[in-house]
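Participant: Listed in order, the protein sequences are those of chains A and B. My numbering puts the first residue of the first sequence at 1, with every later residue one more than the last. My numbering puts the first residue of the second sequence at 1001, with every later residue one more than the last. Quick one: the structure is below, questions incoming.
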Amino acid sequence: MTVTDRPAQAPTRRLNTSKAMVEAIAAEMEANPEVFYLGEDVGAYGGIFSSTTGLLDRFGPQRVLDTPISETGFIGLAIGAATEGMRPIVELMFADFMGVCLDQIYNHMAKIHFESGGNVKVPMVLTTAVGGGYSDGAQHSQCLWGTFAHLPGMKVVAPATPADAKGLMTAAIRDDSPVVYMFHKGVMGLPWMVKNPRSIDVVPAGEHVVEIGKARVAREGSDVTIVTISLSVHHALDVAEQLSNEGISAEVIDLRSLVPLDRDAICASVAKTGRLVVVDEDYLSFGMSAEVVASVTDRDPSLFKAPPVRVAVPDIPIPYARPLEYAALPRQDRIEEAVRKALR
Amino acid sequence: MTTDLSARASSTELTGDLRKALFTTMIRSRTFEEAILREYHADKAPGFDIGKGLIPGEMHLSAGQEPVAAGVCEHLTAADAVTSTHRPHHFAIAHGVDLKPMAAEIFGRVDGLGRGRGGHMHLFDPSTHFSCSGIVAEGYPAALGMAFAFSRRGTDAIAVAVTGEGAANAGAFHESLNLAALWKLPVVFVIEDNEWGISVSREASTPIPSNADRAAAYGIPGTRVEENDVEAVYAAAGEAVARARGGGGPTLIEVHTLRLWGHFEGDAQGYRPDLDQVPDRDPIPRYEATLRDAGVLDDAVGEQIRSAASIEVEGAIAFAKASAEPDPATVLDYVFV
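This is how it looks when you write it as structure tokens:
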């Protein structure tokens, strides 16, 4: 197994993803007084999914602000503060809640720099929890990154590992463009939710920056490429490990961001394997999975030795009952089936 | 620019000079919009094609509402922020936005405020902290953030958030008032009640006679200025701006103003029963008469103000027309920094 970002020496300090994320936020808040965090339950509670644990104690209520349940108001506040040169991090508790405040996000946060001809910057981070797998139903389990990525003007990142959670957060806070930072509840390493063992892993101490827009080869392989993001990276790695026992060599690409999309990394891997499986916990149609396939066909369709295969949520709301939800999500069984199909 | 913003804000008494300044701001705004009106319609004949001509697209002119912008912005400096609406010209002008890049943006040219990417509903001027939004009520929340940044930095700058009476029924309006009141942000909320949300009358959209009453729900002062009178607006805004600068938090001001022309150019206004009487309510001749009666204005001074405005405006129009159209090869620019 190859983990490209593992530091060369003393790789002993292991953190869960939420602690890695908070470490990056705290370091940037320490270094830059213009950085502040606001959202619902981000103060004393520390974020429903532990995105801000300890920040209130360390930085106080002037820089870690609990807001009313008023997403249009407080996301808009963050936008205005960003246009004045502050660097807000604003939390939308669940990505599913985008519906109550989308105008501020896509018509304002994402468009002001363009509409102003580059004269007004909006350096802010919109953090939001995504994903299902714990029976939270159709309004609290969506990923929706394809929707954000479809709307121009915001970068969209979704870390899979603790190290990337830190490195992408550092990069997001320092970015002069708005960045939507989507953390999957299933990778945060929460003690009260089922988690992949990889959600606790080595995290570099000190400054750690991961450039936004560069995919990561999470596992090298030669027979088939699995392109995915966020929690599904871990599911794909589970499948790749298992199939290696049968002599099948699967390469796993962790996109890390949808915007920018690292089309070079996708094409380079498919050029090597000739076979592509895309795994996306977002909805199937009009989304990331089709965009990844098109990244190859637009450039060189002859790279495919076999038709690409997509594994995603099959255009239904996320169901509540466990057997139904598991049938809808791109879990290991469906990924394995897709890989076998791609290899036929 | 002809407006000396540094001299503002300190004046509080209604001196002759101040009254002349209020009048001058109104004239500059009206002169600009009359020129835009002329240019907008000049090349859309025969018939009317909204996408044709040197100025394409929707055009929402603010004629009749000048007293609101002039009365409020007289209390501001370029360090203060103003967020306006889809009908933004009068506030941009009153707040000191340079007419040349503003006109160039309206013409969609490279020397425009947004290099031709924004258009007349999307004017951004960092030098005066002016911005606007084409989405009703959604320009309010950004003002909170600007005010937040000013207070965090320990300045006494404030933010003015402008919207129309139709917006007072939208969620963004109420969320903004609540959050600004809760955090005591230095914001002045201004509602321009021009009686019409496109074709829907105020009576058909709003169950109470004064939106200023809504301020009570958030524990902040609210006041309605019933007359479309620049001096009454100036007085109300003076209190609100002083309260915000002094750390007293937000105020809501509603001004009963006048949409002198259509919702947008091309609007025949068949829904408007008072159409015949509208020109008689034009606030500019009324204020001019007041100032003449008071001996503040005479023919010579009035002519001087109009002539200076005309020279400035025609210079801005000429600047816009002389500016190049954006190169289609640059269409992908400015999405990200």
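Positions of the beta carbon are idealized from the N, C-alpha and C atoms, including for glycine. In this text the structure is predicted, and so the values were computed from the model without any measurement.
Taking all protein chains shown into account, decide if P152/A is buried (16 or more other Cβ within 10 angstroms of its Cβ) or exposed.
Facilitator: Start at 1 with the first residue of the first sequence, and residue 152/A comes out as number 152. Per the 10 Å Cβ criterion, exposed.
Participant: What is the residue span of the beta strand (DSSP E) that Y181/A lies within?
Facilitator: Taking the first residue of the first sequence as 1, we reach residue 181/A at position 181. Run containing Y181/A: 179 to 184, per the beta strand (DSSP E) assignment.
Participant: Using a Cβ-Cβ cut-off of less than 7 Å, list which residues of the stretch 1027 to 1055 of chain B approach chain A; keep chain order.
Facilitator: none
Participant: The stretch 1176 to 1199 of chain B: which residues have C-beta closer than 7 Å to a C-beta of chain A, in chain order?
Facilitator: S1176, N1178, L1179, L1182
Participant: Given 8 Å as the limit, is there contact between the stretch 1046 to 1063 of chain B and the stretch 1255 to 1267 of chain B, that is, 3 or more CB pairs closer than that?
Facilitator: A contact exists between the stretch 1046 to 1063 of chain B and the stretch 1255 to 1267 of chain B.
Participant: Taking Cβ-Cβ distances shorter than 7 Å, what residues in chain A pair up with A1215/B?
Facilitator: As a working note, residue 1215/B is residue 215 in the second sequence. In chain order: nothing, as chain A lies at least about 16 Å away.
Participant: Report buried or exposed for I318/A, applying the criterion of at least 16 other Cβ atoms within 10 angstroms of its Cβ.
Facilitator: Here residue 318/A refers to the residue found at position 318 when the first sequence is read from its first residue. Its Cβ being crowded by 16 or more others within 10 Å, I318/A is buried.
Participant: Using a Cβ-Cβ cutoff of 9 Å, what residues of the stretch 78 to 96 of chain A are near chain B? List them in chain order.
Facilitator: A78, I79, G80, A81, A82, T83, E84, G85, M86, P88
Participant: Can you give the Cα-Cα distance for A1007/B and L15/A, rounded to whole angstroms?
Facilitator: Residue mapping note: residue 1007/B aligns to position 7 of the second sequence, counting from 1. Residue mapping note: residue 15/A aligns to position 15 of the first sequence, counting from 1. Only weak support exists for where A1007/B lies, its pLDDT of 45 falling under 50; the value from the coordinates is given anyway. About 57 Å.
Participant: Locate the beta strand (DSSP E) running through D282/A, then write down its first and last residues.
Facilitator: As a position in the first sequence, residue 282/A is number 282, starting the count at 1. 276 to 283 is the extent of the beta strand (DSSP E) around D282/A.
Participant: Over the uninterrupted beta strand (DSSP E) stretch that includes V224/A, give me the two end residues.
Facilitator: The count along the first sequence starts at 1 and reaches residue 224/A at position 224. Element bounds for V224/A: 224 to 228.
Participant: At a cut of 8 Å, does the stretch 1215 to 1231 of chain B reach the stretch 1149 to 1167 of chain B through at least three beta carbon pairs?
Facilitator: no
Participant: Give the single residue among A1103/B, L1018/B, T1128/B whose Cα lies nearest to the Cα of A1079/B.
Facilitator: Looking up residue 1079/B in the second sequence gives position 79. Nearest option by C-alpha distance: T1128/B.
Participant: Among A171/A, S285/A, I173/A, which residue has its Cα nearest to the Cα of V311/A?
Facilitator: By 1-based counting over the first sequence, the position of residue 311/A is 311. Considering only alpha carbons, the answer is S285/A.
Participant: Can you pull the chain A residues whose beta carbon is under 7 Å from the beta carbon of S1133/B, in chain order?
Facilitator: Residue mapping note: residue 1133/B aligns to position 133 of the second sequence, counting from 1. Within 7 Å Cβ-Cβ: H108.
Participant: Interface residues of chain A around V1335/B at Cβ under 7 Å?
Facilitator: As a first step, residue 1335/B must be located in the second sequence, where it is residue number 335. Within 7 Å Cβ-Cβ: F114, P152, G153.
Participant: According to DSSP, is A1009/B part of a helix, a strand, or is it coil?
Facilitator: By one-based count along the second sequence, residue 1009/B stands at place 9. In this prediction, A1009/B scores a pLDDT of 45, lower than 50, which makes its location untrustworthy; the coordinate-derived value is nonetheless stated afterwards. Correct three-state label for A1009/B: coil.
Participant: Are three or more beta carbon pairs between the stretch 106 to 126 of chain A and the stretch 82 to 89 of chain A nearer than 8 Å?
Facilitator: yes
Participant: Which of the three DSSP states, helix, strand or coil, is assigned to D1267/B?
Facilitator: Your numbering for residue 1267/B matches position 267 in the second sequence. Three-state DSSP puts D1267/B in coil, outside helix and strand.
Participant: Against chain A, with Cβ distances strictly below 8 Å, would M1146/B count as a contact?
Facilitator: Here residue 1146/B is taken as the residue at index 146 of the second sequence, counted from 1. At least one chain A Cβ lies under 8 Å of M1146/B.
Participant: Could you spell out where the alpha helix (DSSP H) holding I1317/B opens and where it closes?
Facilitator: Position 317 of the second sequence, counted from the first residue, corresponds to residue 1317/B. That run of the alpha helix (DSSP H) goes 1299 to 1322.
Participant: Quick check: the Cα distance between Y1287/B and A1294/B, rounded to an integer number of angstroms?
Facilitator: If you number the second sequence from 1, residue 1287/B lands on position 287. If you number the second sequence from 1, residue 1294/B lands on position 294. Rounded to whole angstroms, Y1287/B to A1294/B spans 10 Å at the Cα level.
Participant: May I ask you to report which of helix, strand or coil DSSP gives V217/A?
Facilitator: On the first sequence, residue 217/A is found 217 positions in, with the first residue counted as 1. Reduced to three states, the DSSP call for V217/A is strand.
Participant: Closer than 8 Å by C-beta to G1164/B: which residues in its own chain qualify, once you throw out the five before and the five after it? Chain order, please.
Facilitator: One-based indexing of the second sequence puts residue 1164/B at position 164. Closer than 8 Å at the Cβ level, and outside the excluded window around G1164/B, lie T1085, R1087, V1136, I1191, E1192, D1193, N1194, G1197.
Participant: Ordered along the chain, which non-local residues of its own chain (more than five positions away) have a Cβ less than 6 Å from that of D238/A?
Facilitator: Here residue 238/A refers to the residue found at position 238 of the first sequence. Closer than 6 Å at the Cβ level, and outside the excluded window around D238/A, lie Q332.
Participant: Whole angstroms are fine: how far does the CA of L343/A sit from the CA of V293/A?
Facilitator: Against the first sequence, residue 293/A aligns to sequence position 293. Against the first sequence, residue 343/A aligns to sequence position 343. In a straight line, the C-alpha of V293/A is about 16 Å away from that of L343/A.
Participant: Where do the ends of the beta strand (DSSP E) carrying E115/A lie?
Facilitator: For this step, residue 115/A is matched to residue 115 along the first sequence. Here E115/A belongs to no beta strand (DSSP E); instead the alpha helix (DSSP H) covers 112 to 115.
Participant: May I ask whether a heavy atom of the ligand NAD can be found less than 7 Å away from the beta carbon of A1042/B?
Facilitator: Of ligands this structure carries none, so the ligand NAD is not represented either.
Participant: Taking the continuous beta strand (DSSP E) assigned at E36/A, which residues delimit it?
Facilitator: Working through the first sequence from its first residue, we reach residue 36/A at position 36. Reading off the sequence shown, one finds Phe at residue 36/A, where the question assumed Glu. Run containing F36/A: 35 to 39, per the beta strand (DSSP E) assignment.
Participant: Identify each residue in the stretch 229 to 259 of chain A for which the Cβ-Cβ distance to at least one residue of chain B is less than 7 Å, and report them in chain order.
Facilitator: Listed by position along the chain: nothing, the set is empty.
Participant: For the stretch 174 to 200 of chain A, which residues have a CB atom closer than 7 Å to at least one CB atom of chain B, in sequence order?
Facilitator: Those residues of the stretch 174 to 200 of chain A placed with their C-beta closer than 7 Å to a C-beta in chain B are D176, S177, ordered along the chain.
Participant: What is the DSSP secondary structure of W1196/B, counted as helix, strand or coil?
Facilitator: Translated into positions along the second sequence, residue 1196/B becomes position 196. W1196/B falls in the strand class under three-state DSSP.
Participant: Contact check, A1320/B vs A1104/B under 8 Å by CB: the rounded distance?
Facilitator: Reading the second sequence from its first residue, position 320 is the one you call residue 1320/B. Reading the second sequence from its first residue, position 104 is the one you call residue 1104/B. Sure, about 4 Å apart at Cβ, within 8 Å.
Participant: Which one or two residues does DSSP pair with L15/A in a beta bridge?
Facilitator: Along the first sequence, one-based indexing puts residue 15/A at 15. Beta-bridge pairing links L15/A to D201/A.
Participant: Three-state secondary structure (DSSP) at E251/A?
Facilitator: The residue given as residue 251/A occupies position 251 in the first sequence. Strand.
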